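Student: Sharing a structure, written as structure tokens. Questions coming.
Number of protein chains: 2
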Amino acid sequence: MADFNKINQDFLNLLKQIIGDKYVLTDKFDIEPYSHDETEDLVYYPEVAVKPQTTDEVSAILKLCYDNNIPITPRGGGTGLSGGALPVHGGVVLSLERLNRIIEIDTDNMMAVVEPGVITSVFQDKLEEMGLFYPVDPASRESCLLGGNIAENSGGPRAVKYGVTKDYVYGLKAVLPDGRVFSSGGKLLKNVSGYNLTQLLVGSEGTLAVVTEITFKILAKPKHRQTMLIPFNSLNAAATTLTEIFKARIVPSAAEFIEQAAIKAAEDKFERKFPYSDSAALLLLEIDGNYPEILEAQAERIGEICLAGNAVDVFVADSPDKQAELWDTRRKIGEAVKSIAPYKEEDTVVPRAQLPALVEKIKQITAKHDITAISYGHAGDGNIHCNIIKKDITDERWENELPDMIAELFTEVVKLGGTISGEHGIGLVQKRYLPIALSETELDLMRQIKHVFDPKGVLNPGKLLV
Amino acid sequence: MADFNKINQDFLNLLKQIIGDKYVLTDKFDIEPYSHDETEDLVYYPEVAVKPQTTDEVSAILKLCYDNNIPITPRGGGTGLSGGALPVHGGVVLSLERLNRIIEIDTDNMMAVVEPGVITSVFQDKLEEMGLFYPVDPASRESCLLGGNIAENSGGPRAVKYGVTKDYVYGLKAVLPDGRVFSSGGKLLKNVSGYNLTQLLVGSEGTLAVVTEITFKILAKPKHRQTMLIPFNSLNAAATTLTEIFKARIVPSAAEFIEQAAIKAAEDKFERKFPYSDSAALLLLEIDGNYPEILEAQAERIGEICLAGNAVDVFVADSPDKQAELWDTRRKIGEAVKSIAPYKEEDTVVPRAQLPALVEKIKQITAKHDITAISYGHAGDGNIHCNIIKKDITDERWENELPDMIAELFTEVVKLGGTISGEHGIGLVQKRYLPIALSETELDLMRQIKHVFDPKGVLNPGKLLV
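As you go down the protein sequences, you meet chains R and S in turn. The end of the first sequence is residue 618 by my numbering, with every number in the run present. The end of the second sequence is residue 618 by my numbering, with every number in the run present.
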């Protein structure tokens, strides 16, 4: 890692000249919100947090940092789960929160142009009002920023039918660490004019450039939705049944999986009974479309397949209220599991049909260490959030055994054709494990690509690549 | 450009050791097929053409060329339209035609693993037999190879609904110029574990690495299709009506545009009458889905919108035979226009709604030079194949004025938010124009990325980047 400089008063004055005193924060109280994200209990204070409002300001700040060898960490909504926005080397946190304009919703071309500081749900809601749809739906939608979604290639439950962030990004404006601004792509459904820098930046976790404008493809909003909750007496039955649904050529708009321990955790936390909490596993399925009669037929077919697959019951929520209730249950389960401390969440992803094998491996590996694992997540796309809970073992064993156990788990994930992060990113906390998923050749290429974009290594240092 | 070495007998012997005498071709007659593609009349002979069958063989050949500073040009089906597969510096042509296995069609995960030498239509037909679907459908489908589709990020008429090659590529195995083999991605719908090397390789025109295995997402085949041919008395009416169809939230599975001059060219060539050849422009629309009653309703709605938009007629082809006839007409038009020599085809792409403006600009610019332009193509995704025909001007004017005229045309395309190639690539013949579409910063990043993958510049030299 390069030797970075510390920030002095002259540097602060230059920052203030660029964006004004008000948006250059150095008081401990003011910078506290920029010292952590949603990743466990990690805290790293920046020396200064800055809040520019334009691409030109972002460019000037980056150039200043670059010229002075000051580390600079871009930040969206601070909802990350891999520590990507933590200023681990101090320096500047560059918050994109004030680049928050929805610049254009272009219904002729079905594209939207936005700034990275727009909150994901604000964008979704604005589109919905117009009968439009942006399907990427991270759990943190009400506080995460679209720029952060680009950085982490966010997914969520609808990825199974609608894909992830990368599938909607058609153009970017971005600033290189040395301050140069460039645009790539555009409102173009076809484009083979040079290397795809747009897709290289999506999922690069703010280590290559700072995105200041995004062109998203948008869709028409499906008019109807049905949500189904289906309990099973074994995880394997749930997973096999899900495969059968896909084989029947039905692609649900969401297919979530929740194992019993997760439901029980929610019952404990919220002190109330959750539906079907005696079942080994639940599938939460959603289908959508424009024709209610087709949804009815699909729901019926799904019901038949589930019952043939030994489902205990098939509960269909056909009103928006009942649907919201089911999704609320799903969210509460996530919340409840996360509240059991100490815990660590892994964002494993495997080919969809390997899901039962993955959950089985998780159980085997954690059991060896007397550690509890609670799994739930996006079964439709093979992305399981595996929550590792300390429970009864000593602090010493937890500290000593956890890294090896995670390495062992990731090794099995890779053997199943999977990888170590589906949507949370590598950031700070997973980078030690990246060599499990990637070959030395891939890592070498990535390190060299990083060097092309950021030869001094000032942009989001200490992240992604070891 | 690096000083390359010439191939000598020792080098040929080493090649023969790797893949056997039979697959190392040096006779002029044998290598003639590798001296051209479908780009105008360009001919460049390689010194040798090799036909490996495995990734290991590809790796050994690349390493040998790299170590000996011999240029090496990968080649798919030789159907390219930008000269990407032409060995402009001589050396080795590396044909991927014998890596032609469909390795796996995995219906549990809805992914297929194939080698790059599989003919696109062979893959499509194999899937179709199983009720499956790979929607990317380049006009050369019966002779182009999937590896070439990766190189050029191929599209075709269905991109408007189904996207292009990049939207289906989830994993790659590839060989670097120095012989190192790596895999990226996999059967994973979500993946944020390092930079997206997969997407960086798609559309890189064989300049970064040689792809030897591809993991494609596949779909269920829509059960029903309807095709409609709609004549208009003005191009503007056709384009405006198409926008209205999208605004009605109908996404056709294809939306082709043909201007009158193209139909007339087909009538001349094939000496027969084509339907609606007196109309200024035709739209050829296709809709698909699983429910015939919905298609009926959509077709009816499209018909209403078209008539409201001053369509002359609305012809619906609801039987497979009639549909095939319409598509045959579309293909014949392409063929007919291409047969008018000398001509040059440009693969312009703009945001869909800018189509009328683009066609207008094409007419203005070519008229100034007394050159004829005939346009047709994929209106649904803004990708218009603009065919520039010499006709009555002198050879001297044609030679002198063509490059400037193309530059002027591309400048206008970029002003409309477009770019210079939608699906044919930059290759050899468009690289002089690339700085019109890309900034110096983008070009600088791309040149450096090229250097990361190919520090000696031996892989497909003289292509894409100036």
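Here a beta-carbon is modelled for each residue, glycine too, at the ideal position from N, C-alpha and C. These numbers were taken from a predicted model, which means no experiment stands behind them.
Give a yes or no on whether the minimum CB-CB distance between Ala505/R and chain S is below 8 Å.
Tutor: Working through the first sequence from its first residue, we reach residue 505/R at position 353. Yes, Ala505/R counts as interfacial toward chain S.
Student: Run through the segment 306-343 of chain S for me and flag every whole alpha helix (DSSP H) of 4 or more residues, listed as ranges in chain order.
Tutor: Correct list: 311-314.
Student: Alpha helix (DSSP H) containing Leu597/R: first to last residue?
Tutor: The sequence position of residue 597/R within the first sequence is 445, counting from 1. Unbroken alpha helix (DSSP H) run through Leu597/R: 592-605.
Student: Among the candidates Arg424/S, Glu408/S, Ser431/S, whose CA atom is the shortest distance from the CA of Leu437/S?
Tutor: As a working note, residue 437/S is residue 285 in the second sequence. Of Arg424/S, Glu408/S, Ser431/S, the residue nearest in Cα terms is Glu408/S.
Student: I'd like to know whether the C-beta of Ser292/R is nearer than 8 Å to at least one C-beta of chain S.
Tutor: Working through the first sequence from its first residue, we reach residue 292/R at position 140. Cβ-Cβ to chain S under 8 Å: no for Ser292/R.
Student: So, is Gln450/R buried or exposed, given that buried needs 16 or more other C-beta atoms within 10 angstroms?
Tutor: Within the first sequence, numbered from 1, the residue matching residue 450/R stands at position 298. Classification for Gln450/R: buried.
Student: Look at the Cβ atom of Leu580/R, then the Cβ atom of Leu238/R, and state whether they are nearer than 8 Å.
Tutor: If you number the first sequence from 1, residue 580/R lands on position 428. If you number the first sequence from 1, residue 238/R lands on position 86. Cβ distance < 8 Å, so Leu580/R and Leu238/R count as in contact.
Student: Less than 8 Å between the CB atoms is what I'm expecting for Val501/R and Leu340/S, so what's the real figure, rounded?
Tutor: As a working mapping, residue 501/R is identified with position 349 in the first sequence. As a working mapping, residue 340/S is identified with position 188 in the second sequence. Yes, Val501/R and Leu340/S are in contact; Cβ-Cβ is about 6 Å, under 8 Å.
Student: With a cut-off of 8 Å, does the C-beta of Glu280/R fall near any C-beta of chain S?
Tutor: For the purposes of this step, residue 280/R is taken as the residue at position 128 of the first sequence. No, Glu280/R lies away from the interface with chain S (no Cβ there is under 8 Å from its Cβ).
Student: Please decide whether Val270/S counts as near chain R, where near means a Cβ-Cβ distance under 8 Å.
Tutor: Here residue 270/S refers to the residue found at position 118 when the second sequence is read from its first residue. For Val270/S, the answer is no, since every Cβ of chain R falls outside 8 Å of its Cβ.
Student: Express the C-alpha separation of Glu280/S and Lys421/S in angstroms, rounding to a whole number.
Tutor: Taking the first residue of the second sequence as position 1, residue 421/S is located at position 269. Taking the first residue of the second sequence as position 1, residue 280/S is located at position 128. Cα to Cα, the separation comes out at about 33 Å.
Student: For the segment 326-345 of chain S, which residues have a CB atom closer than 8 Å to at least one CB atom of chain R, in sequence order?
Tutor: Listed by position along the chain: Leu328, Arg332, Val333, Phe334, Ser335, Ser336, Gly338, Lys339, Leu340, Leu341, Lys342, Asn343, Val344, Ser345.
Student: Extract the residue ranges of the beta strand (DSSP E) inside the segment 419-466 of chain S, only unbroken runs of 3 or more that lie entirely within it.
Tutor: For the segment 419-466 of chain S, whole beta strand (DSSP E) runs of length 3 or above, ordered along the chain, are 433-441.
Student: Which residues of chain S have a Cβ atom closer than 7 Å to the Cβ of Arg401/R, listed in chain order?
Tutor: Taking the first residue of the first sequence as position 1, residue 401/R is located at position 249. In chain order: Ala372.
Student: Are any of the Cβ atoms in chain S nearer than 8 Å to that of Ile572/R?
Tutor: The sequence position of residue 572/R within the first sequence is 420, counting from 1. Chain S, which has a Cβ nearer than 8 Å to the Cβ of Ile572/R, makes this yes.
Student: If you follow the alpha helix (DSSP H) that Ser273/R is in, where does it begin and where does it stop?
Tutor: Translated into positions along the first sequence, residue 273/R becomes position 121. Where Ser273/R is concerned, the enclosing alpha helix (DSSP H) stretches over 272-281.
Student: Taking only beta-carbon atoms, is Asn612/R less than 8 Å away from chain S?
Tutor: As a first step, residue 612/R is located in the first sequence; it is residue number 460 there, counting from the start. No, its Cβ sits nowhere closer than 8 Å to a Cβ of chain S.
Student: Is it true that the CB of Asn539/R sits closer than 8 Å to the CB of Ile526/R?
Tutor: Translated into the one-based positions of the first sequence, residue 526/R becomes position 374. Translated into the one-based positions of the first sequence, residue 539/R becomes position 387. Taking 8 Å as the Cβ cut-off, Ile526/R and Asn539/R qualify as a contacting pair.
Student: Here's the rule: buried if 16 or more other CB atoms are within 10 angstroms of the residue's CB, otherwise exposed. What is Val245/R?
Tutor: Position 93 of the first sequence, counted from the first residue, corresponds to residue 245/R. Buried, by the Cβ-count rule.
Student: Is Val176/S closer than 8 Å to Gly202/S when the C-beta atoms are compared?
Tutor: Translated into positions along the second sequence, residue 202/S becomes position 50. Translated into positions along the second sequence, residue 176/S becomes position 24. Per the sequence presented here, residue 202/S reads as Val, with Gly not at that position. Yes, these two residues count as a Cβ contact at 8 Å.
Student: So Pro374/S and Phe275/S are supposed to be a Cβ contact under 8 Å. How far apart are they, rounded?
Tutor: As a working mapping, residue 374/S is identified with position 222 in the second sequence. As a working mapping, residue 275/S is identified with position 123 in the second sequence. Actually they are not in contact, since the Cβ atoms of Pro374/S and Phe275/S sit about 17 Å apart, beyond 8 Å.
Student: If Gly331/R and Lys215/R are in contact, beta carbons under 8 Å, what's the gap, nearest whole angstrom?
Tutor: Reading the first sequence from its first residue, position 179 is the one you call residue 331/R. Reading the first sequence from its first residue, position 63 is the one you call residue 215/R. Contact holds; Cβ gap of about 3 Å.
Student: Between Met262/R and chain S, is the shortest Cβ-Cβ distance under 8 Å, so that the two count as touching?
Tutor: Numbered from 1 along the first sequence, position 110 holds the residue referred to as residue 262/R. Closer than 8 Å: yes.
Student: For the beta strand (DSSP E) containing Ala407/R, list its first residue and its last residue.
Tutor: What you label residue 407/R is simply residue 255 of the first sequence in a count that begins at 1. Element bounds for Ala407/R: 406-411.
Student: Which residue marks the beginning of the alpha helix (DSSP H) containing Arg504/R, and which one marks its end?
Tutor: For the purposes of this step, residue 504/R is identified with residue 352 of the first sequence, where counting begins at 1. Segment: none, Arg504/R is in no alpha helix (DSSP H) and carries neither H nor E.
Student: How far does the alpha helix (DSSP H) with Thr225/S in it extend, from its first residue to its last?
Tutor: As a first step, residue 225/S must be located in the second sequence, where it is residue number 73. Segment 224-227 is the beta strand (DSSP E) holding Thr225/S; no alpha helix (DSSP H) there.
Student: Between the Cα of Ser405/S and those of Tyr314/S, Leu478/S, Ala432/S, Ile366/S, spot the shortest distance and give me the residue it belongs to.
Tutor: In the second sequence, the residue the question calls residue 405/S occupies position 253. Taking only the C-alpha atoms, the option nearest Ser405/S is Tyr314/S.
Student: Go ahead and pull the three-state DSSP assignment for Ala372/R.
Tutor: The residue labelled residue 372/R in the question sits at position 220 within the first sequence. Strand, per DSSP.
Student: Can Lys399/S and Thr259/R be called in contact, C-beta distance under 8 Å?
Tutor: Your numbering for residue 399/S matches position 247 in the second sequence. Your numbering for residue 259/R matches position 107 in the first sequence. Cβ distance < 8 Å, so Lys399/S and Thr259/R count as in contact.
Student: So, Leu590/S versus Ile224/S, is the Cβ gap smaller than 8 Å?
Tutor: Your numbering for residue 590/S matches position 438 in the second sequence. Your numbering for residue 224/S matches position 72 in the second sequence. Cβ atoms of Leu590/S and Ile224/S: not closer than 8 Å.
Student: Using a threshold of 8 Å, state whether the C-beta atoms of Leu251/R and Val200/R are closer than that.
Tutor: Here residue 251/R corresponds to residue number 99 of the first sequence, with the count starting at 1. Here residue 200/R corresponds to residue number 48 of the first sequence, with the count starting at 1. No, these two residues do not count as a Cβ contact at 8 Å.
Student: Can you give the Cα-Cα distance for Asp193/S and Ser187/S, rounded to whole angstroms?
Tutor: Here residue 193/S is taken as the residue at index 41 of the second sequence, counted from 1. Here residue 187/S is taken as the residue at index 35 of the second sequence, counted from 1. Going by the C-alpha atoms only, they are around 11 Å apart.
Student: Strictly below 7 Å CB to CB, what residues from chain S border Leu349/R?
Tutor: Taking the first sequence and counting its residues from 1, the one referred to as residue 349/R is at position 197. Those within 7 Å of Leu349/R in chain S are Glu594, Leu597.
Student: Does the beta-carbon of Phe605/S have 16 or more other beta-carbons within 10 angstroms, so that it is buried, or is it exposed?
Tutor: Here the question's residue 605/S lines up with position 453 in the second sequence. Buried: at least 16 other Cβ atoms inside 10 Å.
Student: Can Gly242/R and Thr191/R be called in contact, C-beta distance under 8 Å?
Tutor: For this step, residue 242/R is matched to residue 90 along the first sequence. For this step, residue 191/R is matched to residue 39 along the first sequence. Not in contact: Gly242/R and Thr191/R (Cβ atoms no closer than 8 Å).
Student: Please decide whether Ala98/R counts as near chain S, where near means a Cβ-Cβ distance under 8 Å.
Tutor: No information on residue 98/R is available, as it lies outside the stretch 153 to 618 that chain R covers here.
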